[in-house]
Amino acid sequence: MLVAFASSDGKTIDSHFASAPLFEMYKFAGEPQGIIHTSLSAEDLQESEDKVDVRIKMLRKCDVVYCTQIGGPAAARLVQSGIHPLKVPVGTEIEYELNRLKQLFQSKKLPPWLKKKLENKKEEGMI
Numbered sequence: 002m003l004v005a006f007a008s009s010d011g012k013t014i015d016s017h018f019a020s021a022p023l024f025e026m027y028k029f030a031g032e033p034q035g036i037i038h039t040s041l042s043a044e045d046l047q048e049s050e051d052k053v054d055v056r057i058k059m060l061r062k063c064d065v066v067y068c069t070q071i072g073g074p075a076a077a078r079l080v081q082s083g084i085h086p087l088k089v090p091v092g093t094e095i096e097y098e099l100n101r102l103k104q105l106f107q108s109k110k111l112p113p114w115l116k117k118k119l120e121n122k123k124e125e126g127m128i
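Each step along the sequence shown adds one to the number in the working numbering, with nothing skipped, and position 6 is 7.
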């Protein structure tokens, strides 16, 4: 499972989804498995392109994306793309959220959206 965090410093979740300068992506399988840095630059966005579309394309393999804010239409487009958005307070540490995910998996009391996502991955042979 890939988890992305909207960040400007690589350590905290501090960005709005549509204006995040960087997404830190972690491979997660009950524990953080590794990190992939993916950044956006001015060249990634053409004036005619939709900022949300560019980010959704970049995050297309992710299952979850954490951010501080996200508009309703952007959140709906993420969900339609199979990506679950989660909002957290500005300054939340990425490491803190990774530990919370780890605890969630260990507790076996998964929220319905995560349980469904994992079931779909099992059906697709991805787990």
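Ideal placement from N, C-alpha and C gives every residue a C-beta, glycine not left out.
Opening and closing residue of the beta strand (DSSP E) in which residue i lies
| i | result |
| --- | --- |
| M26 | 23-29 |
| K88 | 85-88 |
| V65 | 65-68 |
Assumed close pair residue i, residue j - CB separation to whole angstroms, cut-off 8 Å
| i | j | result |
| --- | --- | --- |
| I14 | F6 | 5 Å |
| M60 | I84 | First, the amino acid is wrong: residue 60 is Leu here, not Met. 6 Å between Cβ atoms; contact. |
| Q53 | A75 | One point to set straight first is that residue 53 is Val, not Gln, in the sequence displayed. That pair is a contact at about 5 Å. |
| K88 | Q107 | So it is not a contact: roughly 24 Å between Cβ atoms. |
The alpha helix (DSSP H) enclosing residue i, as first and last residue numbers
| i | result |
| --- | --- |
| S8 | Note, S8: premise wrong, no alpha helix (DSSP H); beta strand (DSSP E) at 3-8. |
| D54 | 52-59 |
| E124 | 113-124 |
| Q73 | The identity of residue 73 in the sequence shown is Gly, whereas the question assumes Gln. Residues 73-81. |
Residue i - partner residues in DSSP beta bridges
| i | result |
| --- | --- |
| E94 | T13 |
Distance between residue j and residue i (C-alpha atoms, nearest Å)
| i | j | result |
| --- | --- | --- |
| K109 | K123 | 16 Å |
| G92 | S9 | 10 Å |
| V4 | E50 | 24 Å |
| S20 | K116 | 29 Å |
Beta-carbon gap between residue i and residue j smaller than 8 Å
| i | j | result |
| --- | --- | --- |
| C175 | F29 | Residue 175 falls outside the range modelled here, since the chain spans only 2 to 128, and no answer is possible. |
| K103 | D64 | no |
| Y27 | L99 | yes |
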